[in-house]
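Have a look at the structure below, then the notes.
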Amino acid sequence: TCTVEGLNSGDVGDILDGDYGIAVRTGLHCAPFVHADLGTEAIGAVRFSPGHFNTNDDIDRALAAMAEIAVYS
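Dropping the structure here:
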């Protein structure tokens, strides 16, 4: 679970899906009080949920996508 400074989690999710074909969950994840404590209640967070079927290349691609998004935010 992560955030990108300057971007709403929904926008990050849209970019990951539209530009990279990566599906994530965005928002408050049924934990608004936790986000209030973390100070992320206004932007939410991006949650990756890799499974046994994901490869190391999938993980590397997701990390590279997040790095690109963070640079251009």
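According to my numbering, the sequence shown holds residues -11 to 61 in order.
Heads up, the beta-carbon is just placed ideally off N, CA and C, and yes, glycines get one too.
From a predicted model like this one, the values you see are computed outputs, not experimental measurements.
Inclusion of S37 and V(-8) in the CB contact set at 7 Å is not warranted, their separation being larger than that value.
Taken in chain order, the complete alpha helix (DSSP H) segments of 4 residues or longer contained in the region 11 to 55 are 20 to 26. Spanning the alpha carbons of D48 and G(-6) requires a straight line of approximately 23 Å. Around the beta carbon of L4, 16 or more other beta carbons lie within 10 angstroms, which makes this residue buried.
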